[in-house]
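Engineer: Position 104, counted from 1, in the sequence shown is what our numbering calls 137; the numbers after and before it change by one each time, with no gaps.
Glycine included, every Cβ here is placed at the ideal spot set by N, Cα and C.
Everything numeric in this text was worked out from a predicted model, so none of it was measured.
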Amino acid sequence: MSSTGDDVAGGGLCAVHVPRAARTVTDLPRMGRFPAVQPGQPAIERLAPTSELIGFRGPTACAAAGITYRQLDYWARTGLLEPSVRTAYPATSQRLYSFRDILLLKIVKRLLDVGVSLQNIRVAVSHLQSADQADLAGLTLMCDGATVYECTTPQQVVDLLKGGQGVFGIAVGAVWQELELTLGRLHAERTDTGETLVGQDPGDELAQRRNRAV
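1) In the structure shown, what three-state DSSP assignment does Ala-179 receive?
2) Tell me whether Gln-104 is buried or exposed, calling it buried when 16 or more other Cβ atoms sit within 10 Å of its Cβ.
3) So what does DSSP say about Ala-204, is it helix, strand or coil?
4) Tell me the DSSP bridge mates of Tyr-130?
5) Taking Arg-223 as the reference, which of Ile-87, Thr-37 and Leu-129 has the closest Cα?
6) For Glu-183, is the classification buried or exposed, using 16 other Cβ atoms within 10 angstroms of its Cβ as the cut-off for buried?
7) If I follow the unbroken alpha helix (DSSP H) through Leu-105, where does it start and stop?
8) Could you tell me whether the stretch 155 to 165 touches the stretch 118 to 132, where touching means 3 or more Cβ pairs closer than 8 Å?
9) Let's see if you can read the secondary structure: which residues bound the alpha helix (DSSP H) around Ala-157?
10) State yes or no: is the C-beta of Ala-170 within less than 7 Å of the C-beta of Gly-206?
11) Is DSSP giving Thr-226 helix, strand or coil here?
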């Protein structure tokens with residue numbers, strides 16, 4: 034049975050350090066290619082997975098973040114990480130997650146895997162949600178199994194390692210790049226029109242070319 038994170042051993046309060054000085058729609062569903070092409074616009078104009086006009090449903094968020102739907106549902110219901118695009122209320126709607134939401138889901142999963150307590154993760158998530166998205170890619174999170182530290186410069190990482198505190202690091206920029214590639218292959222939804230966007234998997238395109246050549 035997959036852990037939702039509530040069974041992780043507790044730790045002290047999270048010490049996330051923030052060194053600021055250092056640091057036209059029809060009634061019928063439509064299908065499009067993802068990244069999406071704006072109606073009436075040249076085919077070269079596309080929407081990246083990071084666009085605010087793109088949202089991802091729960092199963093896609095789970096696949097990209099490497100978590101189970103049980104974990105996703107538990108974290109949303111307990112307020113650890115709710116979808117910022119669309120919640121499950123009213124009951125007839127489906128949750129819709131942004132790129133940033135799924136980035137944080139991946140980070141939560143990695144912190145849980147190294148034994149950081151759920152209490153500390155809540156503090157870290159709250160801090161990361163308040164940061165500008167443009168700044169996230171430049172962050173490195175270091176933790177010693179109990180405390181999470183934010184580093185905005187390589188020197189801060191070195192200082193933590195010298196002090197024996199940082200034993201595990203998450204380069205948010207690397208996670209960002211990995212997630213952007215993954216989500217580009219998965220289905221998405223336009224937040225303005227509700228259009229379903231079909232993932233663009235390079236492997237599928239290569240197979241189609243080979244079939245045409247036969």
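Structural biologist: Working from what's here:
1) Numbered from its first residue, the sequence shown carries residue 179 at position 146. It is coil, neither helix nor strand.
2) As a working mapping, residue 104 is identified with position 71 in the sequence shown. The residue is buried, with at least 16 neighbouring Cβ atoms inside 10 Å.
3) Here the question's residue 204 lines up with position 171 in the sequence shown. Strand.
4) The residue labelled residue 130 in the question sits at position 97 within the sequence shown. BP columns for Tyr-130 point to Phe-89.
5) Numbered from its first residue, the sequence shown carries residue 223 at position 190. Residue Ile-87 is the option with its Cα nearest to Arg-223.
6) Here residue 183 refers to the residue found at position 150 of the sequence shown. Looking at its Cβ environment, which holds 16 or more other Cβ atoms inside 10 Å, Glu-183 is buried.
7) As a position in the sequence shown, residue 105 is number 72, starting the count at 1. Looking at the DSSP string, the run of the alpha helix (DSSP H) that includes Leu-105 is 102 to 110.
8) no
9) Counted from its first residue, the sequence shown places residue 157 at position 124. That run of the alpha helix (DSSP H) goes 151 to 163.
10) Your numbering for residue 170 matches position 137 in the sequence shown. Your numbering for residue 206 matches position 173 in the sequence shown. In this structure, Ala-170 lies near Gly-206, with their beta-carbon atoms less than 7 Å apart.
11) Residue mapping note: residue 226 aligns to position 193 of the sequence shown, counting from 1. Here Thr-226 sits in coil by DSSP.
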